[in-house]
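In my numbering, the protein residues as written are 63 to 394. Heads up, the beta-carbon is just placed ideally off N, CA and C, and yes, glycines get one too. The structure appears right after this line, and notes come after that.
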Ligand code: NAD
Ligand code: UDP
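Right under this line is the structure:
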């Protein structure tokens, strides 16, 4: 049966891909977003679909909409963005989750939480398994996000224990792909844009820190499997690509694919930046029959094409990739 589905943060990178998939399945989609880091460019293609609605709204404020399923994705994911107004980030994670859980309780909706590998902090266990409790600095510059997401997980489990709300929690590891905002500030988008513009790639620290990069289509496949998983499976479950790269390897690969002559320069490592990160995905394999299929090289090729089209659009039209202009540029 087709469902009425609410996606908070749906104008962002992950949310807009999720909305596209769920609309294609014939569901009715409502996106709630304050457009802090999201962009109408990501969702304007849905506006003519009669099953789609966009509401500009900040999730820290309550709202009453009757839905069957809630995907709670609202929160800036990029460190420079979530650190810009850390109090608002914590409010988004706590009050936003609280407001959405109240809706789920009222309408007996299933609710999905986009949690994060950041709940493990700067992990002392490697790779990270769901039972690992983490190593988080609760007073640091990342804690508005890390502790906010940890608190949200607690709240989800309290609503399950007290009101039997049907919860689904995924812990997402670094994901990349088309629709990332050029000004997002995360490493994949920064390096690609720098390489395409012939600017130096900015490596923070000495580049030996690692991440495991998951392509967007794989992640969305994991979201869809999780929302349809057995009633008694709540998660948290890790979703990420377990192939680990250090940042110099990532920089080299991007330079090679873009055929760029850009140099690499080194900048200060931000405080509390995790040294190593790699998901253990045994649980996702066992419970969801999920594992990523797209390797970094292939995912980067598609992502680079997307950023090329944005930069071409900007340079042809001096439009700064504005909404309608980009839509027509990218379809030509
Ligand atoms: P994004 O910044 O592209 O999207 C976040 C969206 O939430 C944006 O559209 C933004 O405008 C919206 N938003 C932020 N605060 C809001 C608020 N208070 N009210 C309403 N809307 C608000 O980020 P993303 O990569 O799409 O991440 C989506 C979710 O997934 C986030 O919750 C993030 O923490 C989580 N996550 C993402 C990754 C990743 O690698 N992309 C990794 C771990 C977790
Ligand atoms: N990073 C970098 N150069 C950049 C942006 C980020 O070297 O231009 C580093 C950052 O310090 C971190 C890693 O890349 O070690 C991943 O950063 P990102 O912001 O993408 O995500 P994080 O995993 O830190 O949330």
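Residue side-chain check: residue 309 places its Cβ nearer than 6 Å to a non-hydrogen atom of ligand 2. The segment 159–168 makes contact with the segment 122–137; the number of CB pairs closer than 8 Å reaches 3 or more.
By the Cβ-count criterion, residue 225 is exposed, with fewer than 16 other Cβ atoms from all chains shown falling within 10 Å of its own Cβ. Distance check between residue 107 and each of 123, 122, 78, 120 places 78 closest, using alpha-carbon atoms only.
A straight-line Cα-Cα distance of about 21 Å links residue 179 and residue 243.
Bounds of any beta strand (DSSP E) do not take in residue 106, whose DSSP letter is neither H nor E.
Given a length threshold of 3 residues, each whole run of the beta strand (DSSP E) inside the segment 220–281 is given here in chain order: 229–234, 263–266, 272–274. Here the distance from the Cβ of residue 265 to the nearest heavy atom of ligand 2 is below 6 Å. Within the chosen limit of 6 Å, ligand 2 does not reach the beta carbon of residue 280 with any heavy atom.
Rounded to whole angstroms, the separation of the alpha carbons of residue 64 and residue 263 is 46 Å.
For residue 206, the closest of 144, 215, 220 by C-alpha to C-alpha distance is 144.
Along the length of the segment 77–105, whole beta strand (DSSP E) runs at least 3 residues long occupy 90–95, reported in chain order. For residue 306, the uninterrupted beta strand (DSSP E) run begins and ends at 306–308, by DSSP. For residue 221 and residue 115, the gap between their C-alpha atoms comes out near 28 Å. If you ignore the 5 residues before and after residue 273, its C-beta comes within less than 6 Å of the C-beta of 236, 339, all in its own chain and listed in chain order. Nearest Cα to residue 191 within the set 161, 234, 213: 234.
At a cut-off of 6 Å, the beta-carbon of residue 346 does not count as near ligand 1: no heavy atom of the ligand is closer than that. For the 7 Å CB-CB criterion, residue 84 and residue 67 form a contact.
Residue 159: member of the alpha helix (DSSP H) spanning 159–169, first to last residue. Closest option to residue 266, judged by alpha-carbon separation, among 309, 370, 258, 228: 309.
If you check the C-beta of residue 181 against ligand 2, you find no heavy atom less than 6 Å away.
Taking every protein chain shown into account, the CB of residue 325 has fewer than 16 other CB atoms within 10 angstroms, so this residue is exposed.
Distance from the C-beta of residue 137 to the nearest heavy atom of ligand 1 is below 6 Å. Looking at 71, 69, 75, the one whose alpha-carbon comes closest to that of residue 247 is 75.
DSSP lists 232 as the beta-bridge partner residues of residue 176. Per DSSP, residue 191 lies in no alpha helix (DSSP H) segment and is marked neither H nor E. DSSP places residue 325 in no beta strand (DSSP E); its state is neither H nor E. Beta-bridge partners of residue 183 (DSSP): 197. The closest CA to that of residue 299, considering only 201, 353, 146, 360, is found on 353. 7 Å or more divides the Cβ of residue 158 from the Cβ of residue 102.
If you ignore the 5 residues before and after residue 356, its C-beta comes within less than 6 Å of the C-beta of 277, 280, all in its own chain and listed in chain order. Remark: the C-beta of residue 273 is in contact range of ligand 2, defined as less than 6 Å to any heavy atom. For residue 66, DSSP records a beta bridge to 90.
Contact annotation: the segment 207–218 does not touch the segment 245–261, with fewer than three C-beta pairs closer than 8 Å.
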